[in-house]
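Residue numbers (my numbering), protein chains in the order written: chain A, 1 to 410; chain B, 1 to 410.
Structural data, given as structure tokens:
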């Protein structure tokens with residue numbers, strides 16, 4: 001039985017992944033912008049706001065007319081009119097005058113500050129008392145105070161958040177250039193694997209990986225394409241891989257957890273022109289029997305058939321890679337939310353491999369406590385019961401109870 | 001000018017929100033399960049695995065036949081055959097025998113442990129040497145060792161993660177009962193607001209809120225329904241609200257940042273039968289001019305017209321509420337990823353309101369540093385430049401530089 005011939009460290013895997021080219025750009029409507037990654041800087045074509053606006057309900061004034069105003073000695077101003085929303089003010093504020101102004105209203109000519117309504121008293125005779133002084137610019141958002149003309153408002157590589165979408169709307173940007181979403185072909189292989197809709201005969205198991213890997217791809221905004229289950233025969237594998245390479249940016253073949261199956265996948269990958277095997281085995285646990293290759297420039301992941309291993313490898317390597325293909329910087333660590341916790345039980349790990357230990361988190365008085373979810377390799381329930389995992393580095397022999405760890409949440 | 005008449009604390013808002021009924025259930029296919037919230041416990045109808053399986057490539061043996069085995073004194077076993085994938089083993093392992101077995105293979109009759117291939121030497125004559133002893137159950141996942149019959153595998157209220165979807169596939173659960181997604185009608189109001197596709201005349205501004213609030217709703221898996229922009233006239237507002245209540249589970253009206261507009265919205269809400277005003281103003285900043293009402297049992301949020309305020313209020317109150325409607329427990333805090341950081345500059349806050357201060361995070365040698373993004377109220381760029389925000393509690397007067405804060409990431 002041959003063993004792995006090119007075991008790579010996690011760092012080497014990330015270095016290989018960084019060598020693949022990112023995806024092409026496309027134009028989309030603003031309606032579909034959330035979560036997409038900008039392919040080009042957004043440069044403002046206008047100023048926001050286009051004119052000075054009030055940030056409060058109150059009165060637009062000349063600041064100098066309020067100097068020294070107090071409850072005891074209020075400033076007396078004549079009401080020049082009211083600023084309406086939706087049009088330019090048709091009034092102006094001269095010496096000794098004030099104009100009623102709503103939040104967001106444009107400042108009338110002559111005014112340079114706004115007194116909040118709380119610090120005014122209407123006298124009923126067309127005049128108000130102002131009981132606090134304001135300085136120039138108080139409660140006013142100046143013209144271009146939010147966005148200046150020609151400014152880079154959002155940089156290429158930014159994954160758009162709701163407020164970013166709002167900013168684009170504010171600037172009238174209704175079409176944007178983004179990186180395409182990664183299309184990932186998912187191929188489950190193995191003679192024992194059957195579709196989930198069928199009832200397994202003795203010896204058969206349902207296709208967990210197609211569903212779990214699809215969901216993982218979906219969770220980072222990728223486009224999973226689930227292919228048919230392929231029996232462990234080189235000819236069938238070859239045409240399945242050719243088909244997958246044709247239609248997708250990334251191919252994930254899962255299966256081959258036994259040595260015989262692994263050999264078939266490696267053989268089949270090697271039978272294509274322009275192949276580079278980056279790793280045949282990674283120094284990690286779970287997930288050692290992972291293949292990473294480039295075929296005609298496209299990345300091919302051969303994930304272990306064991307669902308637990310396949311899911312962990314996808315979490316740690318595939319998901320950050322998909323974000324990188326979509327224009328983000330390659331983060332060389334598992335994606336997602338990280339929390340600090342205190343490890344409840346010591347965990348040992350053999351030297352020479354990076355280990356991903358599943359933990360359940362509990363909130364105790366002093367903070368989060370992480371309890372390892374032990375279980376044999378291949379137990380899906382360990383993943384389902386866990387809230388996340390932590391990493392035992394490749395050269396460590398374990399982590400002692402009481403140490404603080406960073407937990408990557410699922 | 002009337003002021004707010006029922007200012008609520010953030011805690012009171014959450015208490016009111018917890019009084020609204022959750023959404024109904026629906027059946028969906030497993031393909032669409034990611035991110036949905038289970039409406040019923042998933043109880044296993046079968047055992048996983050259905051029979052004992054090997055977790056390693058190696059040889060299935062009787063553990064007692066390997067006792068005392070070592071490099072110096074290996075145990076000698078006769079190869080009884082090979083376990084194939086996809087069918088039940090047609091061989092058995094008797095005293096002194098071993099069967100070649102791949103990872104995931106079902107244990108043949110008679111065997112009770114697996115020796116890893118690394119600790120065996122084939123002798124070429126149909127025999128192997130075993131150089132390490134195994135105990136019963138070693139490298140074997142027992143029948144039902146992963147999931148037992150009748151076990152609650154996934155509880156109601158669980159938002160399904162990729163591995164949960166995988167587990168459902170493994171159990172052959174192809175249809176699940178989940179909470180409906182919240183349908184949120186979004187109505188922008190204001191005489192100055194125009195669609196983003198139009199060019200603003202002087203005094204007009206583009207409709208940021210419809211886009212930003214839609215994106216926020218989408219970010220937690222809700223279904224935003226953007227309605228037409230409504231001018232600030234009670235009759236138009238009334239028919240827009242009636243229409244929104246008809247089609248959605250939650251109504252978000254944004255606008256009314258000036259006192260006059262706010263009055264219209266409150267009047268219109270009050271003109272419906274079965275109205276309860278929970279809050280007219282919240283003791284927060286930004287976002288004070290927020291209305292929360294129940295109209296015919298449906299929640300109506302009146303968000304400030306200022307995009308920054310509207311977005312912050314939606315982050316803090318609307319999003320956790322949407323998750324609650326969809327079957328999760330109501331978390332009385334902003335949703336999303338939280339990180340610890342050291343505050344770079346002291347921030348003051350008036351006593352009596354909870355303040356959400358936007359910060360930019362920088363990684364320095366000792367960890368994350370949070371720098372407040374200062375800017376006038378209403379500057380969208382403060383939200384775009386910020387990585388998140390932290391909360392200054394209602395009764396605090398600020399947070400000093402150097403203190404450790406929890407930052408909610410956008």
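We put the beta carbon where it would ideally sit given N, CA and C, even for glycine.
Exposure of residue i, with buried meaning 16 or more beta-carbon neighbours within 10 Å
i: residue 155/A; result: exposed
i: residue 355/B; result: buried
i: residue 410/B; result: buried
i: residue 472/B; result: Lying outside 1 to 410, the shown extent of chain B, residue 472/B is not represented and no answer is given.
i: residue 380/A; result: buried
i: residue 411/B; result: The structure shown has nothing for residue 411/B, since chain B only spans 1 to 410.
i: residue 348/B; result: exposed
i: residue 392/A; result: buried
i: residue 19/B; result: exposed
i: residue 43/B; result: exposed
i: residue 162/B; result: buried
i: residue 273/B; result: exposed
i: residue 302/A; result: buried
Proximity to residue i [Cα-Cα], best of the options
i: residue 124/B; options: 294/B, 326/B, 330/B, 79/B; result: 79/B
i: residue 243/B; options: 274/B, 210/B, 185/B, 406/B; result: 185/B
i: residue 6/B; options: 175/B, 278/B, 239/B; result: 278/B
i: residue 215/A; options: 167/B, 196/B, 224/B, 189/B; result: 167/B
i: residue 352/B; options: 285/B, 389/B, 25/B, 165/B; result: 285/B
i: residue 26/A; options: 114/A, 137/A, 180/A; result: 180/A
i: residue 169/B; options: 182/A, 209/A, 131/A; result: 209/A
i: residue 335/A; options: 207/A, 345/A, 315/A; result: 315/A
i: residue 369/A; options: 405/A, 222/A, 100/A; result: 405/A
i: residue 48/B; options: 382/B, 92/B, 337/B, 142/B; result: 142/B
i: residue 65/A; options: 96/A, 73/A, 83/A; result: 96/A
i: residue 98/A; options: 115/A, 106/A, 84/A, 87/A; result: 115/A
Opening and closing residue of the beta strand (DSSP E) in which residue i lies
i: residue 307/B; result: Here residue 307/B belongs to no beta strand (DSSP E); instead the alpha helix (DSSP H) covers 307-313.
i: residue 388/A; result: 388-392
i: residue 380/B; result: Run containing residue 380/B: none in the beta strand (DSSP E); it sits in the alpha helix (DSSP H), 380-385.
i: residue 48/B; result: Element bounds for residue 48/B: n/a, residue is neither H nor E.
i: residue 299/A; result: 298-303
For residue j and residue i, the rounded distance between their alpha carbons
i: residue 118/A; j: residue 11/B; result: 26 Å
i: residue 17/A; j: residue 57/B; result: 29 Å
i: residue 94/B; j: residue 267/A; result: 35 Å
i: residue 28/A; j: residue 177/A; result: 6 Å
i: residue 40/A; j: residue 157/A; result: 8 Å
i: residue 322/A; j: residue 147/B; result: 32 Å
i: residue 402/B; j: residue 371/B; result: 11 Å
i: residue 421/B; j: residue 331/B; result: The displayed coordinates of chain B run from 1 to 410. Any statement about residue 421/B would go beyond what the structure contains.
i: residue 152/B; j: residue 137/B; result: 25 Å
i: residue 342/B; j: residue 280/B; result: 35 Å
i: residue 89/B; j: residue 292/A; result: 32 Å
i: residue 221/A; j: residue 133/A; result: 53 Å
i: residue 104/A; j: residue 306/B; result: 8 Å
i: residue 367/B; j: residue 397/A; result: 25 Å
i: residue 408/A; j: residue 344/B; result: 26 Å
i: residue 172/A; j: residue 338/A; result: 36 Å
i: residue 198/B; j: residue 254/B; result: 19 Å
i: residue 59/B; j: residue 112/B; result: 11 Å
Listed by chain order, chain B residues near residue i by CB distance under 7 Å
i: residue 81/A; result: The contacting residues do not exist; residue 81/A stays about 15 Å from chain B at best.
i: residue 28/A; result: Chain B residues near residue 28/A: none, gap ~14 Å exceeds 7 Å.
Residue i: contacting residues in chain A (beta-carbon distance under 8 Å)
i: residue 164/B; result: 384
i: residue 410/B; result: 161, 162, 163
Per-residue contacts from residue i into chain A (C-beta, under 9 Å)
i: residue 377/B; result: 55, 56, 103, 139, 141
Alpha helix (DSSP H) segment containing residue i, residue limits
i: residue 241/A; result: 234-247
i: residue 343/B; result: First-last for residue 343/B: 338-343, but that is the beta strand (DSSP E), not the alpha helix (DSSP H).
i: residue 208/A; result: 208-219
i: residue 162/B; result: 162-170
i: residue 323/B; result: 319-325
i: residue 179/A; result: Unbroken run through residue 179/A is the beta strand (DSSP E), 175-179; no alpha helix (DSSP H).
Per-residue contacts from residue i into chain A (C-beta, under 7 Å)
i: residue 147/B; result: 381
i: residue 203/B; result: 86, 87, 88, 106
Chain B contact residues for residue i, given Cβ-Cβ distances below 9 Å
i: residue 306/A; result: 55, 103, 104
i: residue 219/A; result: 34, 35, 161, 162
i: residue 215/A; result: 33, 34, 35, 160, 161, 162, 163, 164, 165, 166
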